[in-house]
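As they're listed, the protein sequences go chains A and B. Residue numbering for the first sequence follows this note's numbering, beginning at 1 and increasing consecutively. Residue numbering for the second sequence follows this note's numbering, beginning at 115 and increasing consecutively. So the structure is just underneath, and the comments pick up after that.
Number of protein chains: 2
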Amino acid sequence: MSESLDCNHDSTAFPAVSPEGVLERAAAILRAAGDPGRLRLLELLRSGERCVTELADFTGDSLSTISARLRVLRSERLLTRRREGKHQYYSLADHHIDELLQGVFEHAAEEESK
Amino acid sequence: MSESLDCNHDSTAFPAVSPEGVLERAAAILRAAGDPGRLRLLELLRSGERCVTELADFTGDSLSTISARLRVLRSERLLTRRREGKHQYYSLADHHIDELLQGVFEHAAEEESK
DNA sequence: GCCACAGTTCATCGATTGATAGATTGTATT
DNA sequence: AATACAATCTATCAATCGATGAACTGTGGC
Numbered sequence: 001m002s003e004s005l006d007c008n009h010d011s012t013a014f015p016a017v018s019p020e021g022v023l024e025r026a027a028a029i030l031r032a033a034g035d036p037g038r039l040r041l042l043e044l045l046r047s048g049e050r051c052v053t054e055l056a057d058f059t060g061d062s063l064s065t066i067s068a069r070l071r072v073l074r075s076e077r078l079l080t081r082r083r084e085g086k087h088q089y090y091s092l093a094d095h096h097i098d099e100l101l102q103g104v105f106e107h108a109a110e111e112e113s114k
Numbered sequence: 115m116s117e118s119l120d121c122n123h124d125s126t127a128f129p130a131v132s133p134e135g136v137l138e139r140a141a142a143i144l145r146a147a148g149d150p151g152r153l154r155l156l157e158l159l160r161s162g163e164r165c166v167t168e169l170a171d172f173t174g175d176s177l178s179t180i181s182a183r184l185r186v187l188r189s190e191r192l193l194t195r196r197r198e199g200k201h202q203y204y205s206l207a208d209h210h211i212d213e214l215l216q217g218v219f220e221h222a223a224e225e226e227s228k
């Protein structure tokens, strides 16, 4: 029997991993947030619900650009939307998203201060 | 003076946002983790340091594929690496990364169970 | 219905991305 | 130096991605 000791091959096996579906969901969430333009929108919405033109005015990007970004975020369920008259209001889907954002922003700020 | 009340334009302004550099860093981290193949590696490394061949054996992917994925993760500082003889060992860069992963996996699992 | 406003969608395009086979580099032993 | 093993790099390619202008859709007031 070959006792080939490739690195730590003699050590413990990997613990249980997430099902494929969970992994895909997690990756999709991270990927959706992983664009600077979209991440900025998420950040802005941490402070509360806003309509599309407010977001566009603040960022200086076109309505179609903002709309395209919001579409991605909503399709991955990072955002929710409601309509009031002519206006569409977007907000973070839940507190998990907020916590995720807080964590990564803190970490990024820490790294940038080095 | 135009008192055009576009949605909540009469409401409060946006609070302070992160500097551009912080935003870019945060987005880069999220993006690096936001690929299923790379995210799986991160997940595997949550349980501790592993060498490249262990990761390749477990996932069933080729060495060059694993190496390419690790390269992205390390360049965005999600992973650290050390060499011991012929072997390169990879591990999560710090506990922030672990927390980020935990948060997003829990959220994804929750969504997948609905 | 007409008009105005708010927002989305569509088609297009250049840029980016992830996988891959094989060449190359780094470490260890003899 | 020769050989073996571990891992990285390179070049290539098909697929995906984000921005964009303009057409289109939805809501509201008259």
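Idealized CB from N, CA, C, for every residue including glycine.
**Q.** residue 160 (chain B), DSSP secondary structure in three states
**A.** Position 46 of the second sequence, counted from the first residue, corresponds to residue 160 (chain B). Three-state result, residue 160 (chain B): coil.
Q: Could you list which residues in chain B have their beta carbon closer than 8 Å to that of residue 34 (chain A), in chain order?
A: Position 34 of the first sequence, counted from the start, is the residue given in the question as residue 34 (chain A). Result: 141, 142, 143, 144, 145, 146, 147, 148.
Q. Three-state secondary structure (DSSP) at residue 220 (chain B)?
A. Position 106 of the second sequence holds residue 220 (chain B). Note: residue 220 (chain B) maps to helix in three-state DSSP.
Q) Hey, would you say the C-beta of residue 113 (chain A) is under 7 Å away from at least one heavy atom of the ligand SAM? A) With respect to the ligand SAM, the structure offers nothing, as it holds no ligand at all.
Q) Is residue 41 (chain A) buried or exposed, if buried means 16 or more other CB atoms sit within 10 Å of its CB? A) Within the first sequence, the letter at position 41 stands for residue 41 (chain A). Buried, because 16 or more other Cβ atoms sit within 10 Å of the Cβ of residue 41 (chain A).
Q.
Need the endpoints of the beta strand (DSSP E) that residue 195 (chain B) sits in, please.
A. Taking the first residue of the second sequence as 1, we reach residue 195 (chain B) at position 81. Counting along the chain, the beta strand (DSSP E) containing residue 195 (chain B) begins and ends at 193 to 198.
Q.
Please classify residue 4 (chain A) as buried or exposed, where buried requires at least 16 neighbouring CB atoms within 10 angstroms.
A. As a position in the first sequence, residue 4 (chain A) is number 4, starting the count at 1. The pLDDT assigned to residue 4 (chain A) is 41, lower than 50, so where the model puts this residue is not dependable; a value taken from the coordinates is nonetheless given after this. Exposed: under 16 other Cβ atoms inside 10 Å.
Q.
Please tell me whether residue 68 (chain A) has its Cβ less than 8 Å away from any Cβ of chain B.
A. Translated into positions along the first sequence, residue 68 (chain A) becomes position 68. For residue 68 (chain A), the answer is no, since every Cβ of chain B falls outside 8 Å of its Cβ.
Q.
Give me the chain A residues within the contact set of residue 174 (chain B), using Cβ-Cβ distance strictly less than 9 Å, ordered along the chain.
A. By 1-based counting over the second sequence, the position of residue 174 (chain B) is 60. Correct list: empty, because the minimum Cβ distance to chain A is about 13 Å.
Q. Which chain A residues are close to residue 137 (chain B), counting only those with a beta carbon under 9 Å from its beta carbon?
A. Stepping through the second sequence from its first residue, residue 137 (chain B) is reached at position 23. Chain A residues near residue 137 (chain B): 36, 39, 40, 43, 105, 108.
Q. So what does DSSP say about residue 205 (chain B), is it helix, strand or coil?
A. As a position in the second sequence, residue 205 (chain B) is number 91, starting the count at 1. Correct three-state label for residue 205 (chain B): strand.
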